[in-house]
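K.L.:
Read top to bottom, the protein sequences are chains A and D.
Numbering follows numbering that gives the first Met the number 0, with no gaps: position 4 of the first sequence is 3.
Numbering follows numbering that gives the first Met the number 0, with no gaps: position 123 of the second sequence is 122.
This is the structure I want to talk about, given as structure tokens.
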Amino acid sequence: MSGPRYHRTREQDQRLLAFECQSCGYVSFPDEKRTCKRCGDAPATFEEVQLAERGEIKTFVVQEYLPDDIEVPQPLAIVDLPQEDGSGESARVYGLLTETDLDELSVGTEVVARFRELFDDGERPINSFKFSVPREVKR
Amino acid sequence: MTDAHVVGSGIIDFGEKYEWSFDDLLEGAYLDLVESVDHGINPTADIDAIWYGTLDIANEGSSGASVAHATGLFEKPATQIVNACATGSDAFRNAVQAVKAGDVEVALVIGAEKMLDSTEGLIGSAALERVWRGRGVTMPAFFGMRATRHMDQYETTREQIAEVSVKNHENGTKYPHAHQQFECSVDDVKDSATVSYPLNLYDCCPVTDGACAVLVTNDERAREFTDAPVRVAGYGLSTDSFMRGDDLALTNFPASRQASSMAYERSGYGPDDIDVAEVHDCFSITELITYEDLGFCEQGEGGAFIDDGIPHLDGEKPVNPSGGLLSKGHPIGATGVAQIAEIFEQLRGEAGDVQVPDAEVGMQHNIGIGRNATGAVSCVNILER
Ligand SMILES: [Zn+2]
């Protein structure tokens, strides 16, 4: 397991900073690269965009079978996070969920990013976000 | 330009081969191939080049020289191909391209994997080593996310997904090289342990060791080896990722659509022409989605397709007569080669208890996950009698 890769995108992870392709509108998160993963523009021009903390579950699973040192059940979702100013496309991100109750989770559920310690890489805590179902949305 | 033809195949029984070394696997498949060639073969004189598919999970050294050592086929170009779960089928595709180009007359394609030597297994290594910046995505999670979305978007039922596993396990009991030979019901699948909601244990292929080999040659040499060669009619390979924001990728595998389109175009055949298919069913949901991606049915109708019995052994379009990965097992480097070998047997009418009557055109398909589990690769080959 390589430690540094968790730290490389710390700023993006903690501020939900994403990058919009000026040629096709694809929003890349957390990577900022010089080529576009959708339209193939190379070199591509990316502009920084701020993502909202609230998004929508596009699909999810609840993992029950994982190596011993990973806590289960561990729900995992693909979440579309819109841009904070409401313009352009959403970014599609992977996120762990805090909620494990299947009754609270479905495609289309609104979730909010909560920043917390995800796990310890041995030396330093890894801080990033997990998604929660906001209290007012809970059934 | 010459066509490429499959003229022989060899396989070992898939399963737990802990007592077999990696070389034993390769040697076993190779010897079975040598003995299977109808008119005989003088391997050191006849074989010009080798394509070797393995992810090398057992860490046995990553080079084509592994095959040379296991078989005694030295002093020949031997190339290792690695392309995720499409490794074996892409090794085949590369050999076909070299034969068609006229650069190689007779090619050995061989795939092998020892999946059981690692204590963690693939699920473990996927979670630990490919953690996506702390958001662990395992193989079952990856495919399960498509299942959740497919059920939501198309009202595909949990039972329809389970039916794929029921069908393939039934076929597997009739296929001599399958790893897991047992039948199960829809309830058995739903009652088996949850691996990653919505997928249960019986929705997942077993962890299996195995090896398989096929022989590919040109128009001129084909009849030297057999009176019944099987022609390679077309092939395709593509990649995609569901993080590019394409909503179709949440329920399907666009790379399979691209790869199969290429293979259809090259071969001149369409989905309706395929008489028998060996497709990637690492998880039950993968096969259900693949019916749609390969054009066997419309988008969103994979559930109805299996419900209606169309992909059953006695259905209109039999899929995975060998029991698929779910029953046969999924030793990654060997998987695609074994699918090619099964289609070869089907088109020659030699598939025994799982023979599809009068099969003339067959398809082989793999999909693989790579690049921090965010990308997908798909390889499709079409063969004809
Ligand atoms: Zn772009």
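The C-beta atom is built at its ideal place from N, Cα and C for all residues, glycine as well.
The model shown is predicted, which means the values in this text are computed figures rather than measured ones.
Per DSSP, Ala-276 (chain D) forms a beta bridge with which residues?
P.N.:
D:Val-318 and D:Met-362
K.L.:
State yes or no: is the beta carbon of Arg-132 (chain D) nearer than 8 Å to at least one beta carbon in chain A?
P.N.:
Summary for Arg-132 (chain D): the model assigns pLDDT 45, below 50, so the residue's position carries little reliability; its value from the coordinates is reported in the next sentence. For Arg-132 (chain D), the answer is yes, since a Cβ of chain A falls inside 8 Å of its Cβ.
K.L.:
What does Val-110 (chain A) touch in chain D if you count any residue whose Cβ is under 7 Å from its own?
P.N.:
Residues of chain D passing the Cβ test: none, with the nearest at roughly 14 Å.
K.L.:
Just to make sure I have the definition right: I need the residues of chain A whose C-beta is within less than 7 Å of the C-beta of Arg-92 (chain D). Which are they?
P.N.:
Near Arg-92 (chain D) there are no residues of chain A at all, since even the closest Cβ is about 23 Å away, more than 7 Å.
K.L.:
Would you kindly check if the distance between the Cβ of Ser-8 (chain D) and the Cβ of Leu-24 (chain D) is under 8 Å?
P.N.:
no
K.L.:
Look up Ile-381 (chain D) in the DSSP assignment and give the residues it is bridged to.
P.N.:
D:Gly-233 and D:Met-362
K.L.:
Under the three-state reduction of DSSP, which class applies to Pro-74 (chain A): helix, strand or coil?
P.N.:
strand
K.L.:
List the DSSP bridge partners of Thr-238 (chain D).
P.N.:
D:Val-376
K.L.:
Specify whether the stretch 34-45 of chain D and the stretch 218-234 of chain D touch according to this definition: at least 3 beta carbon pairs, one from each stretch, less than 8 Å apart.
P.N.:
yes
K.L.:
If you measure from the beta carbon of Thr-147 (chain D) to each beta carbon in chain A, is any gap under 8 Å?
P.N.:
Yes - at least one Cβ of chain A is within 8 Å of the one on Thr-147 (chain D).
K.L.:
Asp-246 (chain D): which of A:Glu-98, A:Val-106, A:Gln-11 and A:Phe-130 sits nearest, CA to CA?
P.N.:
Of the residues A:Glu-98, A:Val-106, A:Gln-11 and A:Phe-130, the one whose Cα lies closest to the Cα of Asp-246 (chain D) is A:Val-106.
K.L.:
If I measure Cβ to Cβ from Ala-43 (chain A) and keep anything under 7 Å in the same chain, skipping five residues before and after, which residues do I get?
P.N.:
Once the five neighbours on either side are set aside, the close Cβ partners of Ala-43 (chain A) are Cys-20, Ser-22, Arg-33, Thr-34 and Cys-35.
K.L.:
Should Ser-260 (chain D) and Gly-299 (chain D) be called a contact, given that it needs their Cβ atoms to be closer than 8 Å?
P.N.:
Not a contact, by the Cβ cut-off of 8 Å.
K.L.:
Can you have a look at Tyr-17 (chain D) and say buried or exposed, based on whether 16 or more other CB atoms are within 10 angstroms of its CB?
P.N.:
exposed
K.L.:
Buried or exposed: which applies to Ala-0 (chain D), given that a residue is buried once 16 or more other Cβ atoms fall within 10 Å of its Cβ?
P.N.:
Residue identity differs from the one stated: residue 0 (chain D) is Met in this sequence, not Ala. Its Cβ having fewer than 16 others within 10 Å, Met-0 (chain D) is exposed.
K.L.:
Could you give the DSSP three-state label for Leu-16 (chain A): helix, strand or coil?
P.N.:
strand
K.L.:
Tell me the DSSP secondary structure of Asn-93 (chain D) in three-state form.
P.N.:
helix
K.L.:
Do you know how far the Cα of Ser-88 (chain D) is from the Cα of Gly-120 (chain D)?
P.N.:
A caution first: Gly-120 (chain D) carries a pLDDT of 49, below 50, which makes its placement in the model unreliable, though a value can still be read off. Whole-angstrom Cα-Cα distance: 22 Å.
K.L.:
Taking Glu-70 (chain A) as the query, report the chain D residues whose CB atoms sit under 9 Å from its CB, ordered along the chain.
P.N.:
Within 9 Å Cβ-Cβ: nothing; Glu-70 (chain A) doesn't reach chain D, min ~10 Å.
K.L.:
Given a limit of 9 Å on CB to CB distance, which residues of the stretch 39-59 of chain D reach chain A?
P.N.:
Cβ contacts with chain A: none found.
K.L.:
Mind reading off the beta-carbon distance from His-4 (chain D) to Arg-230 (chain D)? Whole number of angstroms is fine, and I expect it under 8 Å.
P.N.:
5 Å
K.L.:
What residue from D:Ile-80, D:Ser-321 and D:Val-213 has the CA that sits closest to Ile-46 (chain D)'s CA?
P.N.:
Taking the Cα of Ile-46 (chain D) as reference, the smallest distance to any Cα among D:Ile-80, D:Ser-321 and D:Val-213 is reached at D:Val-213.
K.L.:
Compute the distance between the beta-carbons of Arg-256 (chain D) and Asp-292 (chain D), then report whether it is under 8 Å.
P.N.:
yes
K.L.:
Can you list, in chain order, the residues of the stretch 194-215 of chain D whose Cβ is nearer than 8 Å to any Cβ on chain A?
P.N.:
Val-194, Ser-195, Tyr-196, Pro-197 and Leu-198
K.L.:
In chain A, which residues lie less than 9 Å from Asp-151 (chain D) when you measure between Cβ atoms?
P.N.:
Thr-58, Ser-105, Val-106 and Gly-107
K.L.:
Once you ignore the five residues that flank Ile-11 (chain D) on each side, which residues in its own chain have a CB closer than 6 Å to its CB?
P.N.:
Answer for Ile-11 (chain D): Gly-27, Ala-28 and Ala-210, listed in chain order.
K.L.:
Taking only three categories from DSSP, how would you classify His-4 (chain D)?
P.N.:
Strand at His-4 (chain D).
K.L.:
Ile-305 (chain D) by DSSP, collapsed to three states: which one?
P.N.:
helix
K.L.:
Going by C-alpha to C-alpha distance, which of A:Ala-41, A:Glu-10, A:Tyr-93 and A:Phe-45 sits closest to Val-26 (chain A)?
P.N.:
A:Phe-45
K.L.:
Just the Cα atoms here: how many angstroms apart are Ala-83 (chain D) and Ile-331 (chain D)?
P.N.:
8 Å
K.L.:
One question on the structure: do Phe-142 (chain D) and Cys-296 (chain D) come within less than 8 Å of each other, judged by their Cβ atoms?
P.N.:
no
K.L.:
Is it the case that the CB of Ala-43 (chain A) approaches a heavy atom of ligand 1 more closely than 7 Å?
P.N.:
yes
K.L.:
Any heavy atom of ligand 1 within a distance shorter than 7 Å of the CB on Asp-40 (chain A)?
P.N.:
Short note on Asp-40 (chain A): C-beta closer than 7 Å to some heavy atom of ligand 1.
K.L.:
Express the C-alpha separation of Asp-116 (chain D) and Val-136 (chain D) in angstroms, rounding to a whole number.
P.N.:
22 Å
K.L.:
For Met-242 (chain D), which residues in chain A fall below 7 Å Cβ to Cβ?
P.N.:
Arg-91
K.L.:
From Glu-103 (chain A) to Leu-96 (chain A), what does the alpha carbon distance come to, in whole angstroms?
P.N.:
11 Å
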